[in-house]
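For the record, the sequence lines run as chains A and B.
All you need for the numbering used here is the position in the first sequence, starting with 1, plus 233.
One point on numbering: in the numbering used here, the residue at position 205 of the second sequence is 191, and numbering is uninterrupted.
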Amino acid sequence: MFEWLEYEFMIRALAATSVLSFSIAPVGAFLVLRRLALAGEAMAHAIVPGIVIGFVIAGLSVTTMIVGGLGAGITVAVLSSLLARFTIIREDAGLASLYLIALALGIFILSASGSAVPLKSFLFGSILGIDDETLILIGGTAMITLISFALILRPLIASTIDPVFYESQTKRPGLVVQLFMFLVVLNLLGAFKALGTLMAVGLMILPATAARYWVSTLTGYLILTFAFAFASCWFGLIISYYAPNVPSGPAIVLVAGGFFVVSLLLAPQGLGFMRRRTSEPRAAAPATSHPPQSTIPTIKEKTQ
Amino acid sequence: MLSASGPLTLGYRGVPVVRNVSFEVAPGDVLAVVGHNGSGKSTLVKTLLGMLPPIAGAIDWPAGRPATIAYLGQRTEFDTRFPVRLRDLAEMGAWRDLGFTGRIDAAGRARIADAMDRTGTADIADMPIQTLSAGQLQRALFARTIVQDAPLILLDEPFTAVDQATEADLLTLIDDWSAEGRATVLVLHDLSAVLQHCTSALLLGRGTARFGAPQATLTPANLVELGYLSPGQVAWQETMYRNVGPEAAGHSGV
């Protein structure tokens, strides 16, 4: 039953994704809290040509992947904010245009160069692909991410809850956001080998959205997001082991999707089939109700 | 403590929104900023916060740039769904002094507890902010402002979403700040509150500004001339003046 533990590639994949869960969870949690979930998705596609060009030039080297990926990510981020500033297109539309071009360009270059890496594992990940360099990349990513979070957690919280207040408190309000987006790209690069470029962002977003249904404190949120990410990686990799034709990326992300659906159905802040929250007396919802709007503060003032 | 040296012209990217702005704020002052939509209130707030340079003139800061301002903005960009408790929100007022990783000491905790007592939020300190009513949230934000312990407090339409009982409680806090020697600048629309609680008024409108004691500045003639009231509303307004006028005059005679 546990024969998959006897294979080194499985142990490598499990170790890599376990460590990755520690750093990808807080990044995903704040992407969701900052309403940047789709921007994260776009960023994941935007870094593809950078990785591909690096790969075509220097083969599967982690260094070129980081340089190419970060270069492409930063280029797209800067260009889309310039588009928003100097043309009529808004930031989301600019970002969408650029990432679509970038993704198509990446796949085009990869196919045209007749590369040795199968497109499927490039897009969707492979449990066979975790080499020593990738392990070091993920370890480094986790270390940089966790240290950065220890330093920027308060500014990140303040700028998310009340951006204008935060702006009034600091001289360079943009710095914390830029550092955060850098961490997003770094974690996407870390996740790329195991999950593929199309699926990497799934491990970032789905555990975070699933966990959001259950918790109302930030600490609980970060812990539960990590737990969902960790469990998704283990179950996903085991599924991928038993179904060799299934790439690891979709397997992991589908498990995360399962956590999301279950949370949506059962959790108090989801559809709440388990038990409804009682912190605020609420007028009885009509029997044919829509989902309870538990997160919208009631207008009625409580007497104090 | 804070003043405009020479008349200011305020605006964005060289396009003026309001000219002839001058004012002076001393410790203990409560300055009301009143004006119609688009009169330059938000422009003034951004300028006071140092986010926007004046087009002409300069602001004299007490101690360099506005490091010492406690700012409470409008609710539009506030994220009420963030998973923190009311207590955490009040604590945010102390974060600036803590650096990256510093912890809140006993004195800081006492200050936070005191701020929640004064705003009537101590009993609901552990509630997630997403479950708070508009009034409770505004009380929590006033607690955060108290925790900031700043000599100059800037409030942008603090009573827009709250009921009258909450507004009355929060206005009492502003009176307390005045007694403690803090200066308050607040943008608001409630003229009777201006007359009762403010020591000076800055009326913005139709591209220009008037500054002075509330009684002398918010006259029916000025309010009509600067586009805050239509002539038809003035009769009603004058009735209100007769009712609250003497009391307000006694109050502001500091």
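All C-beta atoms, glycine included, are put in the ideal place defined by N, C-alpha and C.
CB contact below 8 Å: residue i versus chain A
i: Val244(B); result: Nothing can be reported for residue 244(B), as the shown portion of chain B is limited to -13 through 240.
i: Met78(B); result: yes
i: Ala98(B); result: According to the sequence provided, residue 98(B) is Ile. The question's Ala does not apply to it. Not closer than 8 Å to any Cβ of chain A, the Cβ of Ile98(B) fails to qualify, so no.
i: Thr33(B); result: no
i: Arg82(B); result: yes
i: Leu209(B); result: no
Neighbouring residues, chain A, relative to residue i (Cβ below 7 Å)
i: Met37(B); result: Glu400
i: Gly59(B); result: Val397, Phe398
Within 8 Å, strictly: CB atoms of residue i and residue j
i: Ile55(B); j: Leu140(B); result: yes
i: Arg188(B); j: Val3(B); result: Reading the sequence as shown, one finds Leu at residue 188(B) and not Arg. No. Outside cutoff.
i: Pro440(A); j: Ala462(A); result: yes
i: Ala444(A); j: Leu436(A); result: no
i: Trp47(B); j: Leu84(B); result: no
i: Leu487(A); j: Ala246(A); result: no
i: Ser401(A); j: Ser481(A); result: no
i: Ala199(B); j: Ser186(B); result: yes
i: Ala329(A); j: Ser256(A); result: no
i: Ala383(A); j: Ala335(A); result: no
i: Ile363(A); j: Val285(A); result: no
i: Arg97(B); j: Asp155(B); result: no
i: Pro137(B); j: Leu58(B); result: no
i: Val133(B); j: Ala101(B); result: yes
i: Thr66(B); j: Gln122(B); result: no
i: Phe197(B); j: Thr203(B); result: yes
i: Arg387(A); j: Trp81(B); result: yes
i: Ser203(A); j: Gly327(A); result: Examination of residue 203(A) is not possible in this model, given that chain A is present from 234 through 537 alone.
i: Ala126(B); j: Ala92(B); result: no
i: Leu30(B); j: Leu72(B); result: no
i: Ala262(A); j: Thr393(A); result: no
i: Ser164(B); j: Val16(B); result: yes
i: Ser346(A); j: Gly429(A); result: no
Neighbour list for residue i in chain B, Cβ cutoff strictly below 7 Å
i: Pro396(A); result: Glu63
Contact with chain B by residue i, beta-carbon distance below 8 Å
i: Ser449(A); result: yes
i: Ala391(A); result: yes
i: Ala516(A); result: For Ala516(A), the pLDDT reaches just 42, beneath the cut-off of 50, and the residue's location in the model is therefore unreliable, leaving the point undetermined.
Nearest-angstrom beta carbon gap, residue j and residue i [assumed within contact, 8 Å]
i: Leu416(A); j: Ala258(A); result: Contact flag wrong, Cβ pair sits at about 12 Å.
i: Phe128(B); j: Leu177(B); result: In fact, because the Cβ distance is near 21 Å, the residues do not count as touching under 8 Å.
i: Gln502(A); j: Tyr446(A); result: 5 Å
i: Ala464(A); j: Ala277(A); result: So it is not a contact: roughly 22 Å between Cβ atoms.
i: Gly14(B); j: Ala169(B); result: 7 Å
i: Gly266(A); j: Phe68(B); result: It should be noted that the sequence gives Leu, not Gly, for residue 266(A). Right, the Cβ-Cβ distance comes to about 6 Å (below 8 Å), so this counts as a contact.
i: Gly302(A); j: Val418(A); result: 7 Å
Interface partners of residue i on chain A, CB under 8 Å
i: Thr87(B); result: Ala383, Leu384
is_contact[residue i, chain E] using C-beta, thresh 8 Å
i: Ile55(B); result: Absent from the structure: chain E. Protein chains present are A and B.
> Residues in the segment 370 to 386 of chain A with C-beta within 7 Å of chain B's C-beta atoms, listed in sequence order?
Replying inline: Ala383, Leu384
> Which residues, in chain order, does the segment 433 to 463 of chain A contribute to contact with chain B at a C-beta distance below 7 Å?
Replying inline: Val448, Ser449, Thr450, Leu451, Tyr454
> In chain order, what residues of the segment 150 to 174 of chain B put their CB closer than 8 Å to some CB of chain A?
Replying inline: Ala151, Thr152
> If you measure beta-carbon to beta-carbon, which residues of the segment 254 to 276 of chain A are closer than 9 Å to chain B?
Replying inline: Leu266, Arg267, Arg268
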